[in-house]
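Since the structure comes first, as structure tokens, the remarks are kept for the end.
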Amino acid sequence: MTFSSKIQAVAICHTPYKQKFGIPRQPGLVSAARGFVELQPPFNHIDTVRGLEQYSHIWLLFSFHENLAQGWKTTVRPPRLGGNEKLGVFATRSTFRPNGIGQSVVKLHGIHQQKGKVMLEISAMDLLDGTPIIDIKPYIPFSDAIDDAQGGIAHDAPVLAEVHFTDTVQQQLSHYQQSQYPNLQAIIEGVLAQDPRPAYKKAKADPKQYQVALYDLDILWRAIDGAIHVEAIRPSNV
Ligand code: SAM
């Protein structure tokens with residue numbers, strides 16, 4: 357059945373995450389990551405969010421816009437299961453799904469109105485920079501939080517790896533810890549502690565150097581004996 361409701365972006369999300377690789381697989385995993393939800397016309401009026409400041413958290417419904425062209429399949433291989441086992445698309449949080457809609461609870465830090473823009477300041481998101489937001493709703497604890505819920509294959513939070521920085525990187529970090537890169541070190545730690553490599557790479561020695569893009573920086577790192585070693589930070593455009 358099709359229906360005639362027209363879905364449009366009510367907002368655009370600005371985040372430090374410039375590429376899909378490395379973004380946490382769910383919200384709440386990297387609380388240091390701060391971002392903004394910028395309301396888009398004709399919704400960019402402070403009245404559309406009047407009262408939302410009373411809530412500590414909000415739901416963001418959004419489009420997995422970077423994956424829409426690739427469509428969806430009946431079954432997917434969740435990274436949690438090492439990519440070996442298939443589950444139904446509706447039994448997973450796969451980004452390749454009919455209608456391509458994602459949903460995340462994020463922390464709301466404030467609502468700002470400046471130069472004709474209305475911005476919601478958020479943290480702990482799992483969204484790519486530039487993601488179209490199709491709806492925003494308050495998170496309601498009495499109903500949305502379920503104490504005895506069963507989490508299936510994703511019952512427990514991911515196991516975290518240790519993250520080490522070389523002396524050179526530590527020096528670079530003190531240079532980059534400016535207002536332009538809020539919480540940079542904590543975001544790098546939070547992102548890399550999840551070890552974003554595909555499961556088959558984690559199973560054996562992996563000499564490859566990987567890269568994640570945060571803000572306009574590339575973070576270069578390697579996994580050695582189960583720990584993550586950050587080897588360099590450089591501007592993304594070099
Ligand atoms: N919490 C949401 C949900 O359950 O619907 C998203 C979960 S999904 C597994 C999270 C992943 O989506 C991130 O790690 C990132 O790789 C990917 N992602 C985030 N924003 C995206 C976008 N706009 N387009 C495509 N993929 C995106």
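Counting from 357, one number per residue, gives the positions in the sequence shown under my numbering.
Glycine included, each C-beta is placed from N, C-alpha and C at the ideal position.
Since the model is a prediction, treat every value here as computed from it, not as a measurement.
At a cut-off of 7 Å, the beta-carbon of leucine 483 counts as near ligand 1: some heavy atom of the ligand is closer than that. Here isoleucine 544 has Ile575 as same chain residues with Cβ atoms under 6 Å from its own Cβ, once five neighbours each way along the sequence are excluded.
Residue environment analysis places glycine 378 among the buried positions, since at least 16 neighbouring C-beta atoms fall within 10 angstroms of its C-beta. With a 10 Å radius around the Cβ and a threshold of 16 neighbouring Cβ atoms, methionine 481 comes out buried. Taking a contact to require three or more Cβ pairs closer than 8 Å, the stretch 369-387 and the stretch 481-490 qualify as touching.
In the structure shown, isoleucine 457 adopts extended strand secondary structure according to DSSP, grouped into three states. As the crow flies, the alpha-carbon of lysine 463 is around 21 Å from that of phenylalanine 399.
The three-state secondary structure of glycine 466, taken from DSSP, is strand.
Contact between the stretch 426-444 and the stretch 402-416 is absent, with fewer than three C-beta pairs closer than 8 Å. Rounded to whole angstroms, the separation of the alpha carbons of leucine 570 and glycine 546 is 12 Å.
Assignment of beta-bridge partners to arginine 590 by DSSP yields Asp574.
Short note on glutamate 394: C-beta not closer than 7 Å to any heavy atom of ligand 1.
A straight-line Cα-Cα distance of about 19 Å links leucine 424 and alanine 447. Taken through DSSP and simplified to helix, strand or coil, lysine 376 comes out as coil. Here histidine 511 carries a coil assignment [DSSP, helix/strand/coil]. In this structure, leucine 548 lies near isoleucine 584, with their beta-carbon atoms less than 8 Å apart.
Proline 591 and threonine 451 have their C-alpha atoms roughly 28 Å apart.
In this chain, the alpha helix (DSSP H) harbouring valine 547 covers 540-549. Using a Cβ distance threshold of 8 Å, glutamine 533 and glutamine 541 count as a contacting pair. Residue pairing by DSSP puts threonine 431 in a beta bridge opposite Gly444. Glutamate 477 is bridged by DSSP to Phe392 and Gly466.
Glutamine 533 is bridged by DSSP to nothing; it lacks a bridge partner. Under the three-pair Cβ rule at 8 Å, the stretch 415-422 counts as touching the stretch 455-462.
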